[in-house]
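Sequential numbering of the sequence shown, starting at 3, is according to our numbering. All residues carry an ideal CB built from backbone N, CA and C; glycine is no exception. Since this is a predicted model, take the numbers as computed values, not measurements. Just below is one structure, and these are the notes that go with it.
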Amino acid sequence: MSQSDPARQRFIVLQLLRLSGAFFALLGLLVVARRVDMPMVAGYVFLIVGFIDLFVVPLLLARRWKSPPP
């Protein structure tokens with residue numbers, strides 16, 4: 003496999019997106035639980051964005067990148 007393999011690059015993008023989503027969701031939970039000193043609204047925004055990045059966006063990208071049937 004070469005470095006320019008599109009499937010490998012897409013896999014890496016999906017995994018990094020999921021990782022960033024988990025990070026944002028965790029940060030949102032910490033803010034909502036008052037472990038991090040930030041406004042409560044920011045915590046809910048981080049939580050929602052994190053869940054969208056973690057669950058919704060990878061599915062949309064995978065569907066968009068899916069190979070057409072032969």
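L49 is positioned such that its CB atom lies closer than 8 Å to that of V34.
In chain order, W67 place their CB closer than 7 Å to the CB of R12, counting only its own chain and leaving out the 5 sequence neighbours on each side.
In this structure, G23 places its C-beta atom within 8 Å of the C-beta atom of D55.
Residue burial is scored here from C-beta neighbours: F57 has fewer than 16 other C-beta atoms within 10 angstroms and is therefore classed as exposed. Straight across, the Cα-Cα distance linking D39 with P8 is about 41 Å. Excluding its 5 nearest sequence neighbours in each direction, L32 has C-beta neighbours in its own chain below 8 Å: V38 and G45, listed in chain order.
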